[in-house]
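Under full-length UniProt numbering, think of the first position of the sequence shown as 2, with each following residue one higher.
Comments concern the structure below.
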Amino acid sequence: ADRYAVFGNPIAHSKSPQIHARFAEQTGQALTYTAEHIEENDFEAAVERFLQGDGKGLNITVPFKERAWALAQWRSERAELAGAVNTLYRLDDGRFAGDNTDGIGLVRDLADNNGVMLNGARVLVLGAGGAVRGVLQPLLAAGVNSILVANRTVARAETLAELFAEDGRVQACGFDQVPAEAFDLIVNGTSASLQGELPPVPSATVGANTACYDMMYGTEQTPFCRWASELGAARVIDGLGMLVEQAAESFRIWRGVQPDTAPVIAAMRAALT
Ligand code: ATR
2 ADRYAVFGNP
12 IAHSKSPQIH
22 ARFAEQTGQA
32 LTYTAEHIEE
42 NDFEAAVERF
52 LQGDGKGLNI
62 TVPFKERAWA
72 LAQWRSERAE
82 LAGAVNTLYR
92 LDDGRFAGDN
102 TDGIGLVRDL
112 ADNNGVMLNG
122 ARVLVLGAGG
132 AVRGVLQPLL
142 AAGVNSILVA
152 NRTVARAETL
162 AELFAEDGRV
172 QACGFDQVPA
182 EAFDLIVNGT
192 SASLQGELPP
202 VPSATVGANT
212 ACYDMMYGTE
222 QTPFCRWASE
232 LGAARVIDGL
242 GMLVEQAAES
252 FRIWRGVQPD
262 TAPVIAAMRA
272 ALT
């Protein structure tokens, strides 16, 4: 069977092996997919050992996505703009190819799985780290009207907005400068939930027609999702679907087959509680 793996540190809680095992079973593909703990100083050598050997493809997670970007000898346009690579494989000529499926994972979970209208949407994105950088181009490609990137450290939001200056639809500000008016979509891309915290944005950003999406998920509702629910958001969605969708896009790149994500999202949801 063809070999695949996800490299990260830490990696113990990765759900990717379960997700890819379900895709493989569903599509009748013979493959193995394991989670590998990689030492910080061994990443590049570990990738080369795996892909020069019988490994067919890799997912890359924290903290190695930028190093995977640097290692890739060919990159997709979306990986180029994301500045990070979560999917590696080999081209026919032997070069390492890098792609980033996180942003399309978010867009598909919003648009296809949850019916959130992205075309023309006014979007507020909270956070300006690697997770946010990876989703801006796919959101723009989906036809949003505008993206306001708000971050605790304003300079990081400004740096991201500058990357997309040519497009003209991305603006940056601090949390205290977010206008008190309802957005069509709010995406939380901060890691504040990990500390049980909530980015301090005005309640008025959530209106009766606002969809709220947290890129994080857990057994408990995240602080951001709870906040959005209490404010009466039209839709409150956590990041489990994005996780499955980014995996599905990696699987499609490697295997040329598009898995059906709905039953896998349902199974992963059921296993969470
Ligand atoms: P990732 O690659 O997951 O995006 P990161 O680059 O460390 O990780 O970015 C984390 C993001 O969450 C940043 O936008 C960070 O804000 P700063 O740039 O000001 O550090 C944001 N963040 C983390 N903890 C936060 C908190 N408690 N409140 C608000 N924002 C927080």
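From the three backbone atoms N, C-alpha and C, an ideal C-beta is built for every residue, glycine too.
Ala69 Cβ short of 7 Å to the ligand ATR heavy atom set: no
Let me check you understand the geometry: is the CB of Ala129 closer than 7 Å to at least one non-hydrogen atom of the ligand ATR? yes
For Ser77, which residues in the same chain have their Cβ closer than 6 Å to its Cβ, ignoring the five residues on either side in sequence? Asp100
Val126 CB to nearest heavy atom of the ligand ATR below 7 Å: no
How is Ile254 classed by DSSP in three states: helix, strand or coil? helix
Which residues mark the beginning and the end of the alpha helix (DSSP H) in which Ser192 is found? Note, Ser192: premise wrong, no alpha helix (DSSP H); not H, not E.
Let's see if you can read the secondary structure: which residues bound the beta strand (DSSP E) around Ala2? First-last for Ala2: undefined, no H or E at that position.
Closest to Ala129 by CA distance: which of Gly116, Gly175, Asn87, Thr88 is it? Gly175
Proximity to Glu37 [Cα-Cα], best of Gly29, Arg23, Gln30, Tyr5: Tyr5
Measuring straight from C-alpha to C-alpha, what distance separates Val265 and Arg50? 31 Å
Among residues of its own chain, excluding the 5 on either side of Gln172, which ones have a beta-carbon nearer than 8 Å to its beta-carbon? Ser147, Ile148, Leu149, Val150, Ala162
Are the region 245-255 and the region 52-61 in contact at 8 Å, needing three or more beta carbon pairs? yes
Considering only the alpha carbon of each residue, which of Glu221, Asn189, Val207 lies closest to Ala271? Glu221
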